[in-house]
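The structure appears right after this line, and notes come after that.
Residue numbers (full-length UniProt numbering): 1 to 119.
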């Protein structure tokens with residue numbers, strides 16, 4: 001789609017002016033949203049909401065298969081791959097697949113200069 005809003009600092013383009021405003025905070029360091037419980041500051045309102053759940057223990061995202069609950073929707077989506085068997089992150093060197101990108105990053109360290117190492 002069309003991305004008419006361009007960042008003057010780096011040239012990256014965005015669909016909406018609100019997305020550009022959020023992006024500009026990367027350059028300015030502005031963190032206008034503050035946790036009401038500990039005072040930590042965040043660049044977006046959604047980030048402060050996620051953070052506040054670390055204090056409250058709220059876990060609004062529940063797995064329909066096993067009932068386990070999560071504080072963030074992304075964590076639920078990753079968890080559900082246990083049930084579906086989906087492994088969308090694959091190693092370009094050896095083809096091994098993983099449920100989350102962080103596991104792939106750790107795995108990549110077992111390869112040296114693009115070669116398969118015996119671990």
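Ideal placement from N, C-alpha and C gives every residue a C-beta, glycine not left out.
For residue 13, the three-state DSSP class (helix, strand or coil) | Strand at residue 13.
Neighbourhood of residue 132 by C-beta distance below 7 Å, restricted to the same chain and skipping five residues each side = There is no way to answer for residue 132, as the model of the chain reaches only from 1 to 119.
Whose CA, out of 23, 57, 46, 64, lies closest to the CA of residue 84?
-> The option with the nearest alpha carbon to residue 84 is 64.
Check residue 34 in the structure and name its three-state DSSP category.
-> Judged by DSSP in its simplified three-state form, residue 34 adopts strand.
Whether residue 31 touches residue 46 by CB criterion (8 Å) | Contact flag unset, no.
Top-ranked residue by Cα proximity to residue 2, from 17, 93, 9 = Per the Cα distances, 17.
Alpha carbon to alpha carbon, how far is residue 39 from residue 55?
-> Looking at the two C-alpha atoms, the distance is approximately 12 Å.
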